[in-house]
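Engineer: For the first sequence, our numbering begins at -5 and goes up steadily by one.
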Amino acid sequence: MSLGFLHPSPRPLASGTRIVMERLKEDLRKALALALPGQDIALERPRSGDMGDAAFPCFRAAKAMGKNPAQLAQELASTIRIEGAELVAAGPYINLKLHPEIRAKAMLEALLGSTPYGSASATGETVIVEYSSPNIAKLFTIGHLRSTMIGHALAQVNRYLGCKLWRLNHLGDWGTQFGTLLAAYKRWAEADNPKLDQDFSWADEIPEKRRSPLFRLFQLYVRFHQEEEQSPEMRDEARLWFKRLEEGDPEARRLWKWFRDISLAEFQRIYDRLGVGFDTLEQGEAFYEDHLKPTLARLASSGLLQDGDAGAKIIDLSDVGIQTPYLVQKADGTSIYATRDIAAALFRQKEYDFNRCLYVVGADQVLHFQQLFAVMNKLDPWFKGRMLHTPFGMIKLPEGKMSTRKGNVIFLEDVLDEAVQRVLAIIEEKNPELPDKAAVAEMLGMGAVVFFDALNDRVKSITFTWDRVIALDGDTGPYVQYAHARICSVLRKAGGDWAAKARPQNVLDSETSIVEYKDASLPASMTGLEHPSAQALLFELSGLPEAICTVQRENMATALARQLLAIAKSFSGFYTNCPILHADNPPEVRESRLALCVATARALRQGLFLMGIKAPEEM
RNA sequence: GCGCCCAUAGCUCAGGUGGAUAGAGCAACGGCCUUCUAAGCCGUAGGUCGCAGGUUCGAGUCCUGCUGGGCGCACCA
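1. Would you kindly work out how many angstroms separate the C-alpha atoms of residue 203 and residue 209, rounded to a whole number?
2. Since residue 301 sits in a beta bridge, which residues does DSSP pair it with?
3. Would you say residue 275 and residue 258 are within 9 Å of each other, going by their C-beta atoms?
4. Hey, how far is the Cα of residue 236 from the Cα of residue 188?
5. Enumerate in chain order the residues of its own chain whose CB-to-CB distance from residue 611 is below 7 Å, with the five nearest sequence positions on each side excluded.
6. Where does residue 509 sit, in a helix, a strand or coil, going by DSSP?
7. Are residue 324 and residue 337 closer than 9 Å when you measure CB to CB?
8. Closest by CA to residue 615, which one among 155, 143, 565, 596?
9. Shortest alpha-carbon distance to residue 616 belongs to which of 182, 116, 175, 142?
10. Report yes if the C-beta of residue 610 is less than 8 Å from at least one heavy atom of the ligand MG; otherwise report no.
11. Can you round the beta-carbon distance between residue 416 and residue 449 to whole angstroms, since I take them to be within the 8 Å contact cut?
12. Quick one: which unbroken alpha helix (DSSP H) runs of 4-plus residues sit fully inside the stretch 549 to 585? Chain order, please.
13. I believe residue 444 touches residue 471 by the beta-carbon criterion, under 8 Å. Please report the beta-carbon distance rounded to the nearest angstrom.
14. Report the three-state DSSP secondary structure of residue 149 (helix, strand or coil).
15. Assuming residue 161 is part of the beta strand (DSSP E), what are its boundary residues?
16. Whose C-alpha, out of 403, 71, 437, 395, is nearest the C-alpha of residue 411?
17. With DSSP as the reference, label residue -3 as helix, strand or coil.
18. Rounded to whole angstroms, what's the CA-CA distance from residue 608 to residue 302? Just pull it up for me.
19. Can we say the stretch 343 to 350 touches the stretch 240 to 256, given the rule of at least three CB pairs closer than 8 Å?
20. Would you list the residues sitting across from residue 121 in a DSSP beta bridge?
21. I'd like the ranges of any alpha helix (DSSP H) spanning at least 4 consecutive residues and lying wholly in the stretch 241 to 275.
22. My assumption, with CB atoms under 8 Å, is that residue 458 sits in contact with residue 391. Please give the rounded CB distance.
23. Do you know offhand how far residue 596's Cα is from residue 105's?
24. Using 8 Å for Cβ pairs, my map puts residue 356 next to residue 388. What's the rounded Cβ distance?
25. Would residue 376 be called buried (16 or more neighbouring beta carbons within 10 Å of its own) or exposed?
26. Secondary structure at residue 427, three-state DSSP: helix, strand or coil?
27. List the residues that DSSP assigns as beta-bridge partners of residue 615.
28. With DSSP as the reference, identify every bridge partner of residue 51, one or two as the case may be.
29. If we require 3 or more residues per run, which beta strand (DSSP E) segments fall completely within the stretch 440 to 517?
30. Could you round the C-beta distance between residue 526 and residue 44 to whole angstroms and report it? I think they count as a contact, below 8 Å.
31. Is the separation between the beta-carbon of residue 131 and that of residue 175 shorter than 9 Å?
32. Could you tell me which residues DSSP puts in a beta bridge with residue 397?
33. Can you tell me where the beta strand (DSSP E) holding residue 321 begins and where it ends?
34. Compute the Euclidean distance between the alpha carbons of residue 286 and residue 293, then round it to the nearest angstrom.
35. Whole angstroms are fine: how far does the CA of residue 468 sit from the CA of residue 615?
36. Kindly indicate which residue of 282, 402, 477, 318 has the alpha-carbon position closest to the one of residue 569.
Listed below in structure tokens is the structure:
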């Protein structure tokens, strides 16, 4: 069943990025339209820059005209003339190939100006991204990284492309799990460890760095679920506590708030470390408590509410092809996540009047979101096409599924710490004189983990192994960061204000998605950039805006991560083949190559920043 | 049982709206540091795109069936 999500429409790029290249492609499009009336003129981007900057496949047009595609390509290429570029027939394709100098000038103009490359001006659209959404009293596992960083990147990119953004964290701070916590606390902590400030005698010893009230809360949670397997009646105990909580029992309330505070403090520490931010943390599940009755009333008055088993309330969706009924109130009268999600959608409609709302939630919840969206469409056609679940695959262990309840999980902080440790070891080996090693190691370790997560299609599940997640060479974050650091090193050695040209003018925190640079002047000539390696780099740089748009369209950072790799890789080629500061270089060659370095550094830093990755200037 | 997702090199994966000789990284093998950071660069080898049909001028990509794996199928979120 497709609900026809309203994808963002193509929008004009900001003026500084409406570059020569786009104009030439437009010229080609017009010329082809003239030569081939009635044909669909769709240009493609060639796989590699030495084929050209744009390509037109002649198959369809040739068929319509009863000609051989290669022959048609030949004819068109010889009749159409585009100023500043050449047209080459390559088999059934016509390739538009910019003159090296034009290509260089176009890209440097786009990247050395102060308008963020590939950004778009305000569109007037409002986008909500709901992401991270951890459950209270659980520690962040490697699994939580996915929603957090995918959501962060989507927020950054949509903001970069001119959308008004609301970044929401649907905290799991309500629900039956709180019954579990309350019951567990009463059973095993209240009497002898009421402040959770000591280790439990019945639990395994906690590693030093995890000794926290939150971890002990987590231990309570795990123990409860373990014992519950033997004594199923404990479930009722948990349900009862949740019922008390929802009915306003003062003790349950007090403990709930305390548990929540303990958790939030810890979460904030992680978010700070990841550089992730939200516009509010106050709209978690508990926030909708007061909305639940009105929501149920509205469902009832819309005629959607039906009686289920044992007094539960359900919504039947079989008329839209969903056979599983949607449970919105449990038999004991307490609420359930579904009700809170409906309430949240209604609240957001009123509060934010959004155009799109993205739910960055695991793939195991697809049915839930199909049901939710179906209900919202029935409730108000306004919702149609405005909500999208962007599911992601789960992270499994080689032994199987991770389970918080069973306690066999990989904690996020352990992964981050291990990554930083491995980086530190490499720094000691390769660059022991590096200033501020700890800070650089933090950026690189984080870069490795975050980049890895973004590299592949989000719907695929990942089997966690340390060596894969923390890989530091090959197609990795540190590879891109390394290219950036080498550029900065060259720029430092060039002297003058070269290094400053690649340095951001603003603070790069989660409140902005744009890296601001000063307007830098173009080199006097493009001599020195005609080398194939330089041209290949320029071609990859030209692919960045499209990659950013792809992130928005496909709701994952994969395309951006891969374009950054392509840029970094072609920079390495340029760096190897084209000496920049070589004494024999004429001044204009040195200048144009340094300008290309600045342009590349800016593109890399901006791209990494959108993904939530920092770029050290030295490593 | 029903529904959704996945299957591409030894391993991990890229391959918008069907289009050029299916591409990377890792691992393997062979080269490159007296020039700007070797976390790098260059090269070699590695493929019946799970299987079988179909649509099309053209299928890794779309359709049908099958096989294998994952997830889900109301009182957790």
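Backbone N, C-alpha and C define an ideal beta-carbon position, used for all residues, glycine too.
Structural biologist: The relevant details are as follows:
1. The residue you call residue 203 lines up with position 209 of the first sequence. The residue you call residue 209 lines up with position 215 of the first sequence. Taken atom to atom, the span from the alpha-carbon of residue 203 to that of residue 209 is near 10 Å.
2. By 1-based counting over the first sequence, the position of residue 301 is 307. Listed as beta-bridge partners of residue 301 by DSSP are 307.
3. Residue 275 sits at position 281 when you count from the first residue of the first sequence. Residue 258 sits at position 264 when you count from the first residue of the first sequence. Yes, the pair counts as a contact, with Cβ atoms nearer than the cut-off.
4. Position 242 of the first sequence, counted from the start, is the residue given in the question as residue 236. Position 194 of the first sequence, counted from the start, is the residue given in the question as residue 188. As the crow flies, the alpha-carbon of residue 236 is around 20 Å from that of residue 188.
5. Walking along the first sequence from the start, residue 611 turns up at place 617. Annotation for residue 611: 479, 482 place their beta carbon closer than 7 Å to its own, counting only its chain and skipping 5 residues before and after.
6. Position 515 of the first sequence, counted from the first residue, corresponds to residue 509. Look at residue 509 here: in three-state DSSP terms it is coil, with no helix or strand label.
7. Your numbering for residue 324 matches position 330 in the first sequence. Your numbering for residue 337 matches position 343 in the first sequence. In this structure, residue 337 does not lie closer than 9 Å to residue 324 by Cβ.
8. Summary: the structure shown does not reach residue 615, with the chain confined to residues -5 through 613, and so no result is reported for it.
9. With the chain running from -5 to 613 in the structure shown, residue 616 is simply not present.
10. Here there are no bound small molecules, and the ligand MG is not part of this structure.
11. Taking the first sequence and counting its residues from 1, the one referred to as residue 416 is at position 422. Taking the first sequence and counting its residues from 1, the one referred to as residue 449 is at position 455. Going by Cβ atoms, the distance from residue 416 to residue 449 rounds to 18 Å, so no, they are not a contact pair.
12. As far as the stretch 549 to 585 is concerned, its whole alpha helix (DSSP H) runs of at least 4 residues are 552 to 571.
13. Taking the first residue of the first sequence as 1, we reach residue 444 at position 450. Taking the first residue of the first sequence as 1, we reach residue 471 at position 477. For a cut-off of 8 Å, the C-beta gap from residue 444 to residue 471 is around 6 Å, short enough to register as a contact.
14. Translated into the one-based positions of the first sequence, residue 149 becomes position 155. Helix, per DSSP.
15. Position 167 of the first sequence, counted from the first residue, corresponds to residue 161. Counting along the chain, the unbroken beta strand (DSSP E) around residue 161 starts and ends at 158 to 162.
16. Start at 1 with the first residue of the first sequence, and residue 411 comes out as number 417. The shortest Cα separation from residue 411 among 403, 71, 437, 395 belongs to 437.
17. Taking the first residue of the first sequence as position 1, residue -3 is located at position 3. Below a pLDDT of 50, predicted positions are generally treated as unreliable, and residue -3, at 42, falls in that range; no measurement from the model is reported.
18. Looking up residue 608 in the first sequence gives position 614. Looking up residue 302 in the first sequence gives position 308. The straight-line gap from Cα to Cα measures roughly 52 Å.
19. They do not touch, by the three-pair rule.
20. The count along the first sequence starts at 1 and reaches residue 121 at position 127. Within the DSSP bridge table, the entry for residue 121 names 159, 350 as partners.
21. You should have 244 to 268.
22. Position 464 of the first sequence holds residue 458. Position 397 of the first sequence holds residue 391. That pair is a contact at about 6 Å.
23. Here residue 596 corresponds to residue number 602 of the first sequence, with the count starting at 1. Here residue 105 corresponds to residue number 111 of the first sequence, with the count starting at 1. Straight-line spacing of the CA atoms in residue 596 and residue 105 works out to 7 Å.
24. Residue mapping note: residue 356 aligns to position 362 of the first sequence, counting from 1. Residue mapping note: residue 388 aligns to position 394 of the first sequence, counting from 1. That belief holds up - the Cβ atoms of residue 356 and residue 388 are roughly 6 Å apart, short of 8 Å.
25. What you label residue 376 is simply residue 382 of the first sequence in a count that begins at 1. Exposed is the call here.
26. As a working note, residue 427 is residue 433 in the first sequence. In the three-state reduction of the DSSP assignment, residue 427 falls in the coil class, being assigned neither a helical nor a strand state.
27. Nothing about residue 615 can be read from this structure; the chain reaches only from -5 to 613.
28. Along the first sequence, one-based indexing puts residue 51 at 57. DSSP output for residue 51 lists 87 as bridge partner(s).
29. Within the stretch 440 to 517, no run of beta strand (DSSP E) at least 3 residues long lies entirely inside it.
30. Locating residue 526 in the first sequence gives position 532, counting from the first residue. Locating residue 44 in the first sequence gives position 50, counting from the first residue. Between residue 526 and residue 44, the beta carbon gap of about 7 Å places them in contact (Cβ cut-off 8 Å).
31. Here residue 131 refers to the residue found at position 137 when the first sequence is read from its first residue. Here residue 175 refers to the residue found at position 181 when the first sequence is read from its first residue. Yes.
32. Taking the first sequence and counting its residues from 1, the one referred to as residue 397 is at position 403. Answer is 402, bridged to residue 397.
33. For this step, residue 321 is matched to residue 327 along the first sequence. Per DSSP, residue 321 belongs to the beta strand (DSSP E) from 320 to 323.
34. Taking the first residue of the first sequence as 1, we reach residue 286 at position 292. Taking the first residue of the first sequence as 1, we reach residue 293 at position 299. Rounded to whole angstroms, the gap between the alpha carbons of residue 286 and residue 293 is 10 Å.
35. The structure shown does not extend to residue 615, since the chain spans only -5 to 613, so no value can be given for it.
36. Position 575 of the first sequence, counted from the start, is the residue given in the question as residue 569. Nearest C-alpha to residue 569: 477.
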